[in-house]
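Visitor: Please find one structure pasted underneath; my questions will follow.
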Amino acid sequence: MGYILGISVTRPQKTLVLTKNGEVVRCLQDEVSPLESDDPLPAHLIHRLLDSTGVAASAIKKVHICSPWRSPENSTVDQDQWLRPLKDWGRKIHQDWVFGSEIREEIEELLGEGAEVTLVDEDLSRTLYAQPRCFFKEGVVLNLHSQWSNKATSLWQLRPKQLIPLKVLEKEKSIEGFVSQVAEFCGFAQEKNLSRFLTLAPMGEPSQLEVFKDELWQKVSQEHLFESLKKLFGIPRSLEAPVTLREIDMASTAQALIQLHAENLARFMDSTIGAVQPLLITSETSFGSFLKGEFAKLRPRRECQWLQVEEGYAEAMGCATSVDSSINLANLQNPY
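Numbering (my numbering), first residue to last: 52 to 387.
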């Protein structure tokens, strides 16, 4: 099979994974924001990867680039034309987005014309990462995302040597993204502090559940959520200020909303895939664990697995280790 280079460029932290015959040779991650560079994937990252492994550029025959969207390879639509409106929309939400098609030519220049470059859908990349980590060979993969509005909850059918995109369950807001902003308002600004925020939940009362669910969650956009929280609850808590009953009750409310969301999604999934098929849930946060618990309540005998993934790394690794030739990446259609 030879060398395969998997690249994830959809976050400020670029991830490169080099494999040979399915075995990982080197993984390289680096923070490079396109806002600070005209080059979405600076060549020095690839040079660092090659220099550290002693692998010649000409030895890499396949490059799989994880990309949020891609046109079908057999489409007659010009790829740049197809991507342009999506790029414009995406950059209004996340200025650090980079699309795989923008670095295709650069990769080909660096590695030579002999390198076969393929753009791989982001959720497909994650599903490829999850596939060999499943406890079962046939079942369903559910990919959850922590970002607010640029992700969808996607469902994939897993069969031996085959992946089938089934459907998108939602393409709106992520519960984790919502709770993260609430946590920031309550003085838990960094992502790693989200779990600390939720540890307050057992000490409070979910007194604002209706407001969170019916007003903030349903009607307020990501851009206006922080201002809406200020109007409803007053001045945000600073990092240095002591935690008050307000923050404790908001944590309890956020926890209740997560639980409600997990229950609803579990019921919907149960009716969608039936009671028999095994289920693998992938997520960056512990929401996948909540959902697994809800499935256990609904169907105690269903085989269910939760896989916590590191965003960026999982997609790059999935791209690089997808060595099964019976899974044709180019022919898999994007489920979005």
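Ideal placement from N, C-alpha and C gives every residue a C-beta, glycine not left out. Predicted, not measured: the structure shown is a model, and the values here were computed from it.
By how many angstroms is the C-alpha of residue 367 removed from the C-alpha of residue 331?
Guide: Position 280 of the sequence shown, counted from the start, is the residue given in the question as residue 331. Position 316 of the sequence shown, counted from the start, is the residue given in the question as residue 367. Approximately 19 Å, taken between the alpha carbons.
Visitor: Return the chain-ordered list of same chain residues with a C-beta closer than 8 Å to the C-beta of residue 112, the five sequence neighbours on each side being excluded.
Guide: Position 61 of the sequence shown, counted from the start, is the residue given in the question as residue 112. Contacts found: 53, 54, 55, 165, 166, 167.
Visitor: Use the C-beta contact count for residue 102: other C-beta atoms within 10 angstroms, 16 or more gives buried, fewer gives exposed.
Guide: On the sequence shown, residue 102 is found 51 positions in, with the first residue counted as 1. With fewer than 16 Cβ atoms within 10 Å of its Cβ, residue 102 is classed as exposed.
Visitor: With contact counted as at least three CB pairs below 8 Å, one residue from each stretch, are the stretch 278-293 and the stretch 320-327 in contact?
Guide: no
Visitor: Less than 9 Å between the C-beta atoms of residue 115 and residue 60, yes or no?
Guide: The residue you call residue 115 lines up with position 64 of the sequence shown. The residue you call residue 60 lines up with position 9 of the sequence shown. At the C-beta level, residue 115 and residue 60 stay beyond 9 Å of one another.
Visitor: Are there 16 or more other CB atoms within 10 angstroms of the CB of residue 58, so buried, or fewer, so exposed?
Guide: As a first step, residue 58 must be located in the sequence shown, where it is residue number 7. Its Cβ being crowded by 16 or more others within 10 Å, residue 58 is buried.
Visitor: Applying the 10 Å Cβ sphere with the 16-neighbour rule, what's the burial state of residue 275?
Guide: Within the sequence shown, the letter at position 224 stands for residue 275. Classification for residue 275: exposed.
Visitor: DSSP three-state label for residue 246, please.
Guide: As a first step, residue 246 must be located in the sequence shown, where it is residue number 195. Three-state result, residue 246: helix.
Visitor: From 65, 251, 184, pick the residue whose C-alpha is nearest to that of residue 293; which is it?
Guide: Position 242 of the sequence shown, counted from the start, is the residue given in the question as residue 293. Minimum Cα distance to residue 293 is reached at 251.
Visitor: Return helix, strand or coil for residue 60, following the three-state DSSP convention.
Guide: Taking the first residue of the sequence shown as 1, we reach residue 60 at position 9. Note: residue 60 maps to coil in three-state DSSP.
Visitor: Alpha carbon to alpha carbon, how far is residue 106 from residue 312? Give it in angstroms, no decimals.
Guide: Walking along the sequence shown from the start, residue 312 turns up at place 261. Walking along the sequence shown from the start, residue 106 turns up at place 55. Distance between the alpha carbons of residue 312 and residue 106 is about 48 Å.
Visitor: Tell me which residue opens and which closes the alpha helix (DSSP H) that residue 279 is part of.
Guide: Here the question's residue 279 lines up with position 228 in the sequence shown. Residues 273-284.
Visitor: With a threshold of 8 Å on Cβ separation, who are the neighbours of residue 244 within its own chain once the five nearest residues in sequence on each side are excluded?
Guide: In the sequence shown, counting from the first residue as 1, residue 244 sits at position 193. These residues qualify, in order along the chain: 234.
Visitor: Hey, would you say residue 394 sits closer than 9 Å to residue 338, going by beta carbons?
Guide: Missing from the structure shown is residue 394; the chain here goes from 52 to 387 and no further.
Visitor: Taking all protein chains shown into account, decide if residue 342 is buried (16 or more other Cβ within 10 angstroms of its Cβ) or exposed.
Guide: Sequence index remark: in the sequence shown, residue 342 carries index 291 (1-based). Buried, since its Cβ has 16 or more Cβ neighbours within 10 Å.
Visitor: Report the CB separation of residue 302 from residue 238 in whole angstroms; it is logged as a contact under 8 Å.
Guide: Taking the sequence shown and counting its residues from 1, the one referred to as residue 302 is at position 251. Taking the sequence shown and counting its residues from 1, the one referred to as residue 238 is at position 187. Incorrect: roughly 11 Å between the Cβ atoms, too far for contact.
Visitor: When the Cα of residue 296 is compared with those of 257, 74, 190, 94, which residue comes out closest?
Guide: Taking the first residue of the sequence shown as position 1, residue 296 is located at position 245. Among 257, 74, 190, 94, the Cα nearest to that of residue 296 is on 257.
Visitor: Classify residue 194 as buried or exposed, calling it buried when 16 or more other Cβ atoms lie within 10 Å of its own Cβ.
Guide: By one-based count along the sequence shown, residue 194 stands at place 143. Buried is the call here.
Visitor: Below 8 Å, can you find three or more Cβ-Cβ pairs linking the stretch 178-190 to the stretch 203-211?
Guide: yes
Visitor: Let me see if you follow: with CB-CB separation under 9 Å, is residue 158 close to chain B or not?
Guide: No chain B appears in this structure, which consists of one protein chain only.
Visitor: Check the DSSP bridge columns for residue 190 and list the partner residues they point to.
Guide: Looking up residue 190 in the sequence shown gives position 139. 209, per the DSSP bridge assignment.
Visitor: Taking DSSP as the reference, what is the three-state secondary structure of residue 74?
Guide: Residue mapping note: residue 74 aligns to position 23 of the sequence shown, counting from 1. In this structure, residue 74 counts as strand in the three-state DSSP scheme.
Visitor: Tell me where the alpha helix (DSSP H) around residue 300 begins and ends.
Guide: Residue 300 sits at position 249 when you count from the first residue of the sequence shown. Its alpha helix (DSSP H) spans residues 296-324.
Visitor: With distance defined between alpha-carbon atoms, name the residue in 67, 73, 325 nearest to residue 99.
Guide: Along the sequence shown, read from residue 1 onward, the residue named residue 99 stands at position 48. From the listed residues 67, 73, 325, the smallest Cα separation to residue 99 is found for 67.
Visitor: Based on DSSP bridge pairs, tell me the residues matched to residue 268.
Guide: As a working mapping, residue 268 is identified with position 217 in the sequence shown. Answer is none; residue 268 lacks a bridge partner.
Visitor: My output table needs one value for residue 366: the three-state DSSP class, helix, strand or coil.
Guide: Locating residue 366 in the sequence shown gives position 315, where the first residue counts as 1. Three-state DSSP puts residue 366 in a helix.
Visitor: Would you call residue 409 buried or exposed, if buried means 16 or more other Cβ atoms sit within 10 Å of its Cβ?
Guide: Since the first residue shown for the chain is 52 and the last is 387, residue 409 is missing from the structure and cannot be characterised.
Visitor: For residue 261 and residue 160, what's the separation of their Cα atoms in angstroms?
Guide: Taking the first residue of the sequence shown as 1, we reach residue 261 at position 210. Taking the first residue of the sequence shown as 1, we reach residue 160 at position 109. One C-alpha to the other measures close to 56 Å.
Visitor: Do you know how far the Cα of residue 281 is from the Cα of residue 183?
Guide: Looking up residue 183 in the sequence shown gives position 132. Looking up residue 281 in the sequence shown gives position 230. Computed Cα separation, rounded: 46 Å.
Visitor: Since residue 353 contacts residue 346 with CB under 8 Å, what's their CB separation in whole angstroms?
Guide: Sequence index remark: in the sequence shown, residue 353 carries index 302 (1-based). Sequence index remark: in the sequence shown, residue 346 carries index 295 (1-based). Yes, they are in contact, since the Cβ atoms of residue 353 and residue 346 sit about 6 Å apart, within 8 Å.
Visitor: Using the three-state DSSP reduction, which class does residue 336 fall into: helix, strand or coil?
Guide: Here residue 336 refers to the residue found at position 285 of the sequence shown. Residue 336 carries a coil assignment under DSSP once its states are collapsed to helix, strand and coil.
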